[in-house]
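See below for the structure under consideration.
Chains as they are written, first to last, in the numbering used here: chain D, 1 to 471; chain P, 1 to 471.
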C-alpha cells in the first residue's frame with residue numbers, strides 16, 4: 001500500500017509544496033497581522049546559525065555592530081528623493097504614542113540609510129574617522145501586499161551594513177568585498193547554494209544607489225531568488241544628510257557610502273533550493289542538528305546506548321540531537337526528522353545492539369546501511385562533508401541544465417516563462433527589451449560578464465543579462 | 001595645574017555625570033524620535049557579550065529561541081484585563097500601512113505575552129508538548145515620558161522568555177530557576193553587581209502576573225535599579241487565550257505559565273554601579289576588550305612589539321585590542337580607554353623596550369607599574385580575576401554600608417530620600433504604608449526573607465521590605 005505523501009509533491013504544485021513544508025517542518029507560521037511571520041524554534045535555529053557565521057565574516061571585514069532606532073521621523077525619508085519614492089508605498093506609520101497623537105508621524109524602518117546618515121554626519125569629522133564600517137542585526141518592516149513566508153513578509157529580520165569612505169574607489173571595493181567575500185562565500189560554502197554574482201540594471205537598483213550588486217540563485221522550480229545585495233550609494237545620502245569630513249589636505253569633502261543586506265529570506269532559499277518531496281535537506285555546515293541519534297524502542301539498554309553515543313559524537317565535534325522520545329512511534333519521528341532535513345539519522349534498536357551496529361540513514365545522499373558503533377566518529381564527518389558538496393553540486397547542475405543561451409527577447413521570455421534562465425547579450429536586450437519582458441512578469445535578474453565576473457558597468461562590452469521569473 | 005575633569009564629578013551631579021559618561025565613552029546617543037536610542041559600537045559590544053553569556057544560560061535551562069511579530073492586533077492586548085490596563089498608556093500604534101489606513105490598528109509590541117499565547121494555544125495539544133520553553137531576543141516599545149539612555153527608553157532591546165507548564169509547581173519552580181540560576185548568577189558572576197533577589201509587592205507586580213520575582217541593585221548614588229524580573233503568570237493568559245492541553249488522564253486542562261525579561265537597561269546598571277569620576281569600569285568577564293596594548297610613540301620597533309604582544313596575549317586567551325594609532329596623542333588615547341573602562345592597559349614606549357618591560361595600568365584596582373614583557377601572559381589573567389572580584393566586593397560593600405534597619409515608615413522614607421536603602425518588617429509597613437511612601441517617590445523595591453532568601457508569599461512570617469528611591 002502506497003503511503004499518502006506528507007507534502008504536496010513539488011511537481012504537482014510547487015508553491016503549495018513550499019507552504020506545506022514550512023508548516024510541517026515547523027519552520028514558521030503566519031502572524032496575526034497580515035504579512036507578518038512567527039519563526040518557530042526549528043526555523044529560528046537555522047537563522048541563528050546563519051547569523052553566527054555571517055557575523056564572524058562581517059567582523060573579519062572590519063565592521064562593528066551597533067543598533068539604530070526602529071522609529072524614523074517621516075521627514076528623514078523624504079531627504080533622498082529616489083529613496084522615498086522607492087519606499088513610500090511600503091511604509092508602516094505610527095501616528096499615536098503614549099496615548100496621544102504624535103506631532104510628526106514616525107515610520108517603522110524599512111531600511112536604515114537615512115537614520116544612520118543622520119549619525120554618521122555627527123560622528124565623522126576627519127579622514128581619521130574613515131572608513132566607518134557599521135552593521136546592525138534588526139527587524140525591518142515593508143508592508144507586503146502578496147506575502148509569502150520567509151520570501152516576502154511585512155516584517156523580516158536581517159543584517160544591514162552601512163559604511164562611509166573617503167574615496168569612491170574605497171567604497172566601491174568594500175561593496176564588492178562584501179558581495180563576493182562575505183555574501184557569496186557564505187551562500188556557496190555554508191548554504192551550498194550555487195549563487196550567481198552580478199550587477200542589477202538601473203531599473204532594478206536599490207532606491208538611492210548608484211550601483212547594486214546582487215546574488216541570484218535558481219530555486220527548485222527554475223525561478224530566480226535574490227539572495228542578498230550590496231550597494232554603492234555614491235554620495236547621494238551624504239549630500240542629503242551633509243555627511244562630510246575634513247580631508248588630509250584640510251578640505252571639507254562628502255563621504256562615499258555603501259549599504260548591504262541579507263535577510264531571513266535565505267531560509268526560504270534553503271527550502272526551495274534543497275527541499276524535495278520528503279521535506280527540507282539542511283546543508284551540514286549550516287545545520288544546528290547534523291545528526292540525530294534515535295532510540296527505535298524504549299528499551300533501557302537502547303536508551304542508555306543512544307545517550308552514550310550522543311555524548312561521544314558531541315565530544316567528536318558533531319552537532320547532535322538525541323531522540324529518545326520512545327512514547328512516540330519510531331516511524332512518525334523518522335518522518336519528522338526527514339521533514340526537518342537533518343542530514344544523518346543514526347537509528348538504534350535492540351537487534352542493532354546485539355550486532356554492535358547502528359543503521360545510518362542519509363537524508364541528502366540517500367541510502368541506509370548498518371555501521372559498526374565504534375566506526376561512527378570516523379565515518380560521520382566524512383558523510384557530512386560529502387553531503388555538503390553534493391548539495392552544492394546539485395544546485396549548480398540544476399542551474400546549468402536549466403539555463404539557455406538565447407539571441408532574442410522572445411526566446412528569453414519563452415525560456416523564463418517555461419521555468420528556466422535565459423542568457424542574452426545585454427546589448428541585444430537593453431532597457432527597452434527589459435521593459436517589454438516586464439509585461440510577461442519576467443525580469444533581468446542581473447548582468448554578468450562572459451567570464452562569470454561582475455561587469456564594471458552596464459554597457460561594458462560582452463555584458464550578458466540573465467533573464468528569469470523570480471520570487 | 002589641575003586638569004579639568006572629563007566628566008561632571010559624581011558628587012556634584014550624579015545624573016549629569018551619567019549622561020556625560022554615556023556620551024564621552026561613546027556608549028549611546030539620543031535617537032531623533034523622543035525616547036529612542038542609538039547604541040554605538042562600544043555600547044553594543046557590551047550588549048553582545050551580555051547576550052552571548054545569557055543566551056547560553058537560557059539554552060542550558062532548556063529554552064529554545066524563536067521570533068514573534070513586532071505588530072500585535074490591538075484586540076489581543078485587551079483580552080487580559082490587567083495586562084491592557086498596565087500597558088495601554090505606553091503603546092505606540094500603527095494606523096497606516098502600505099499607503100492605506102488599516103482596518104484594525106496594530107500596536108508595536110510592548111511585551112509579547114498576548115501574541116505568544118495565541119500560538120501556544122495552537123502548538124500545545126497534549127501533556128507531551130509541555131513544558132514549552134521559548135525565548136526571544138527582540139526590540140520592544142513602551143512610550144516613555146521621562147526618557148533616560150539605557151534606563152528608560154521608548155524602544156529597548158531585551159530577551160523575553162515565555163513558558164507553559166502542566167502544573168503550578170512546575171511553572172513556579174521554572175520562574176524561580178530563571179530568577180536565581182540565570183539572572184542572579186549572570187549579574188553576580190559576570191556583571192559583578194551584588195543584586196538582591198526578592199519578590200515584588202502586589203502593587204509593583206507585572207500587569208497580568210500572580211507573582212513577580214525581581215533582582216534589585218544599588219547604584220552609585222544609593223538609588224535602586226530593577227535589573228530583571230521573572231513572573232509567574234498563573235493561568236491568567238491561558239484563560240484569556242484558551243491555552244489548554246490534554247492531560248495524561250485525558251482531561252482538557254489550562255496550562256500554567258511564566259515570563260521573564262532582562263534588557264539593555266543592564267548597560268545603565270553597569271555604568272551606575274561601577275563607574276567613577278574617570279569613566280566606566282567594565283568587569284573583566286564581561287569586557288569585550290579586557291586589555292588594550294598601547295604604543296606610546298609611533299616608533300617602528302615599538303609598534304611592531306605592541307602588535308607582537310597583542311598577538312601573544314590573544315593566543316593566551318585574553319580579549320585584546322592593539323592601539324597603535326600613534327597619530328593621536330598618547331594622553332588622549334589613555335583617557336579614552338579609561339573612560340571606556342578597559343580593565344588593563346599595557347603601555348609600551350622606547351624606554352620600556354630598552355628595559356624589556358611595559359607599564360601595566362589598572363583601571364579597576366588602580367595603580368601602574370612596570371612588568372617584564374615575558375611575565376605578561378602569566379600576570380594579566382590574575383589581575384583580571386582580582387578586578388572581577390573587587391568590583392563585586394565594592395558593590396556589596398556599598399549596599400551594606402548604605403542599608404539601614406528601621407522600624408517605622410518615617411525612618412524608612414528618611415533613609416531612602418537620603419540616598420540609601422531601608423529594611424523594615426513588611427508586617428509593620430503593609431500596603432497602606434507602601435502607598436504613603438509613594439507620596440515621597442519612595443517605593444518598596446522588593447520583599448525578602450530574613451535569611452536573604454525569597455519569601456514564598458507577601459505575608460510569610462519574617463518578611464522584610466526593602467525601601468528605596470529607584471530609577
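Each residue gets a CB set at the ideal place from its N, CA and C atoms; glycine is no exception.
Item	Value
Since residue 162 (chain D) and residue 75 (chain D) are thought to touch, with beta carbons under 8 Å apart, how far apart are those beta carbons, to the nearest angstrom?	Wrong, their Cβ atoms sit about 20 Å apart, outside the cutoff.
Rounded to whole angstroms, what's the CA-CA distance from residue 447 (chain D) to residue 139 (chain D)? Just pull it up for me.	30 Å
Does any residue of chain P have a CB that is nearer than 7 Å to the CB of residue 198 (chain D)?	no
Could you tell me whether the Cβ of residue 96 (chain P) comes closer than 7 Å to any Cβ of chain D?	yes
Select from P:434, P:70, P:190, P:199 the residue whose C-alpha is nearest the C-alpha of residue 142 (chain P).	P:70
Buried or exposed: where does residue 168 (chain P) fall if 16 or more other Cβ atoms within 10 Å of its Cβ makes it buried?	exposed
How many whole angstroms separate the CB atoms of residue 186 (chain D) and residue 54 (chain D), which I take to be in contact at a CB cut-off of 8 Å?	6 Å
Would you mind reading off the limits of the alpha helix (DSSP H) that contains residue 296 (chain P)?	It is not in any alpha helix (DSSP H) - residue 296 (chain P) carries neither H nor E in the DSSP assignment.
Answer yes or no: does any C-beta atom of chain D fall closer than 7 Å to that of residue 67 (chain P)?	yes
Figure out for me which residue from P:39, P:436, P:465, P:373 has the closest Cα to the Cα of residue 407 (chain P).	P:465
Bridge partners for residue 231 (chain P) per DSSP, in chain order?	P:212, P:259
Count the other C-beta atoms from every protein chain shown that fall within 10 angstroms of the C-beta of residue 442 (chain D), then say buried if there are 16 or more, exposed otherwise.	buried
Looking at the structure shown, is residue 361 (chain D) part of a helix, part of a strand, or coil, going by DSSP?	strand
May I have the straight-line CA-CA distance separating residue 212 (chain D) from residue 382 (chain P), to the nearest angstrom?	51 Å
Any chance the region 117-137 of chain P sits against the region 231-248 of chain P, with 3 or more Cβ pairs inside 8 Å?	yes
Which stretch, first to last residue, makes up the alpha helix (DSSP H) that contains residue 83 (chain P)?	81-87
Could you check the C-alpha separation between residue 82 (chain D) and residue 340 (chain D) for me, to the nearest Å?	42 Å
Counting pairs of beta carbons, one from the region 342-356 of chain P and one from the region 272-291 of chain P, are three or more of them closer than 8 Å?	yes
At the 7 Å Cβ level, is residue 155 (chain D) part of the contact set with chain A, yes or no?	The chain inventory of the structure shown lacks chain A, comprising the protein chains D and P.
Going along chain D, which residues have a C-beta under 8 Å from residue 36 (chain P)?	69, 70, 71
Return the CA-CA distance between residue 31 (chain P) and residue 116 (chain D), expressed in angstroms with no decimal places.	10 Å
Within the 7 Å Cβ cut-off, does residue 275 (chain P) reach chain D?	no
Please list the terminal residues of the continuous beta strand (DSSP E) segment that includes residue 37 (chain D).	37-39
In chain order, what residues of the same chain have a beta carbon less than 8 Å from the beta carbon of residue 63 (chain P), not counting five sequence neighbours either side?	133, 134, 135, 161, 163
Residues of chain D with CB closer than 7 Å to the CB of residue 48 (chain P), please, in chain order.	65
How big is the Cα-Cα spacing for residue 369 (chain P) and residue 424 (chain P)?	47 Å
Would you say residue 92 (chain D) lies against chain P (beta-carbon separation less than 7 Å)?	yes
Under three-state DSSP, which class holds residue 376 (chain P)?	helix
Per DSSP, which one or two residues make a beta bridge with residue 181 (chain D)?	Residue 181 (chain D) is not bridged to any residue.
Taking the C-alpha atoms as reference points, what is the distance between residue 246 (chain D) and residue 253 (chain D)?	6 Å
Please go through the region 311-369 of chain D and give each complete alpha helix (DSSP H) segment of 4 or more residues, from N-terminal end onward.	330-340, 350-355
With residue 95 (chain D) and residue 93 (chain P) assumed to form a contact (beta carbons below 8 Å), what rounded beta-carbon distance in angstroms separates them?	7 Å
In the structure shown, what three-state DSSP assignment does residue 29 (chain P) receive?	strand
Enumerate in chain order the residues of its own chain whose CB-to-CB distance from residue 310 (chain P) is below 7 Å, with the five nearest sequence positions on each side excluded.	293, 320, 322
Tell me where the beta strand (DSSP E) around residue 134 (chain D) begins and ends.	132-141
Out of P:299, P:44, P:128, which has the shortest C-alpha to C-alpha gap to residue 327 (chain D)?	P:128
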